[in-house]
Amino acid sequence: MSKGTSPVRRPCGNEVLVGAAPCGLYTGSIRVLSPARTSWIAADRWRPTGAAMLETAYAALRFGASIALGVPFQRRSFDRLLAGMRAAADEFGPQVGGDDLLGGVTLDDAARRAVHGRRLRKQAVRAGRTRYYADVFAAAGLDPASLTYDTFATVPVTPKRALRQDPDAFLRADARPAHRCTTTGTTGRATTVWFSADELHLIGALSAMGAFQAGTVRAQDQVLVAVSARNVLGVSALSDAATAVGATVQLNGMVDPLITLGILAQHRPVAGHRPHITVMSASSSYFGQLVELAPAAGYRPDDFGLERVLVNGEVVSSGLRERAQRVFGPIEVVETYALTELVPFGAMRCGEGHLHYEPTVCFVEVLGIDDGQPVAPGGVGTLVGTPLPPFRTSTPLLRYDTEDVVRTVDGPVSCELRRLPALAEVLGRRRLSVRHGTGHTFPADVVQALESVEAVPLPARYGFRAAGAGVAVDVVVRSSGPAVRTQIGDALQRHGVPLVELRLVEDPALLRSPAPLRCDLREADLSPGAGTDAASRPDDHAVSADLVSGERRS
């Protein structure tokens, strides 16, 4: 449990996991709205006027109808619901302890197939009004208006490279685009996606609703966004969510980690809020840098007030979690999975470690790496997604190949989110995986093994390649020796990596084919050594000027 706070509420029942995107966008959860329960919140928790109560009930009805029928959301409905949540939180405090906040029904398989079939068909018809899919349907001889749940798989998979090469070809002819959002481009050329102003408003509102319900961001929090500033979609959605809840927000970007540590340790006397940064959004590798550098810079757990870290976009290893507890104290690491192309699709880990997602937001398939066919339970394949209306209308994507390799759950689950479909784990990018004589090895296998060994500095810097019946692994270590070699070799074997060759180096420049890390997208113009005197910077940066100059804390 985080430093004297109540536990963050985990989503329960038929909840909608929303608001997720790469590099730190908050992923929360909202229930499928029940008008009766929403108006109960309005009447019993914040006692509005009769007109406001009726408007809140109508807003809930409108929200549910939009999801069921695939018709556009109304901004006013979201604003009304958020106003009710904020008023209730102001009067009664965060409501994160129960699962009856916003109730909804659970669809059986037959009903879900019928609803999905109708929404998939509607999205396919919209997609037919784009240059890309008009050509695809013509070439395949498909009529989008006649597609059903069972025939949707006849639509060819959309490769990532097609969207990357010509994002404008995916823009609907009658759309009203407002912003062209990019991915971070960690593993290659950045991908861009068009969004309308209404879609951006929707993403922020859903993130805010998730923040209210899950309690991951609260009114007394001070939030630090330590992700790439060019990830506008993720930054704006988290900022919208924190602002709606009543928290403060600071966009930090991925500056020198020592500067960020100084900001985290800074005493910030803001009325109505905790005196330190309490919530930080960061990539796993950047968070690893903070964990690695803090002790060397003389920081102790009592120097920080951090309670929650929202991590997305990379593998979050058990080793990172364990080391972070020693550096920052009993913080909670909230791991989510999402990507810009499929937003607002997102998945959040349950108590048993599954990644659950809401099927009404995005139609998810997992297809075999080699044959492109649906994988069996417990199998490994590539995640393919179709964002559904009314969540996505400007840039419809049908059966989009994310190039992310995932493992499916092996049979029914018994966790608190068992009513929602789930993935077992995300294994990494397909192009970074290695095929060898006995199968495949994935980035997650290697990272989990390496970061469990204390001799490997965080984040693990490594490379691996096929070598006969297994793989050869290069890894950066603090110091090499027989004992370290044995520890790392044993860890790799325990995590199922068929090790053939292990090469230890102390200089990252000596790695062969190093794996890309998001933390290397650092914003150098804000970092020490970029021609700016750290001591002359604004207060937030000057906090760590002593560290930048090499002086140790006492």
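When the letters of the sequence shown are read in order and numbered with our numbering, they come out as residues 19 to 572. Every residue gets a Cβ at the ideal spot worked out from N, C-alpha and C, and that includes glycine.
Here DSSP, grouped into helix, strand and coil, assigns A484 to strand. Along the region 442 to 486, the beta strand (DSSP E) occurs as fully enclosed runs of 3 or more residues at 452 to 454, 457 to 459 and 480 to 485, listed in sequence order.
Counting C-beta atoms within 10 angstroms of its own C-beta, S214 has 16 or more neighbours from the protein chains shown and is therefore classed as buried.
In the three-state reduction of the DSSP assignment, P430 falls in the coil class, being assigned neither a helical nor a strand state. Relative to the Cα of T278, the nearest Cα in the group A440, T296 and L308 belongs to L308. In the three-state scheme derived from DSSP, where H, G and I count as helix and E and B as strand, L138 is classed as helix. In chain order, V333, L445, G446, R447, L450, S451 and A533 place their CB closer than 8 Å to the CB of P461, counting only its own chain and leaving out the 5 sequence neighbours on each side. Setting aside the 5 residues that flank it on each side, G486 is surrounded in the same chain by H454, G455 and V518, each with a C-beta closer than 8 Å to its C-beta; the list follows chain order. Taking 3 residues as the shortest admissible run, the region 168 to 215 contains the following complete beta strand (DSSP E) segments, listed from N- to C-terminal end: 195 to 200 and 210 to 214. Restricted to the region 254 to 300, the alpha helix (DSSP H) segments that are unbroken, complete and at least 4 residues in length are 275 to 283, listed in chain order.
In this structure the region 278 to 295 lies against the region 320 to 329, because at least three pairs of beta carbons, one per stretch, are closer than 8 Å. The region 248 to 259 and the region 519 to 533 do not touch, with fewer than three beta-carbon pairs separated by less than 8 Å.
The criterion of a C-beta distance shorter than 8 Å is not satisfied by V288 and A265. The three-state secondary structure of T420, taken from DSSP, is strand. Note on P430: under 16 other CB atoms within 10 angstroms of its CB, so exposed under the neighbour-count rule. The Cβ neighbour count for T358, taken over all protein chains shown within 10 Å, is at least 16; the residue is labelled buried.
Here DSSP, grouped into helix, strand and coil, assigns T354 to strand. As DSSP reads the structure, E383 sits in a beta bridge with V402.
For L522, the enclosing beta strand (DSSP E) begins and ends at L517 to V523. Within the DSSP secondary-structure output, Y150 pairs in no beta bridge. At least 8 Å separates the beta-carbon of F346 from that of L220. Taking C-beta atoms under 8 Å as the contact rule, G271 and A247 qualify, at a distance of about 4 Å.
One alpha carbon belongs to D127, the other to P414, and they sit about 25 Å apart.
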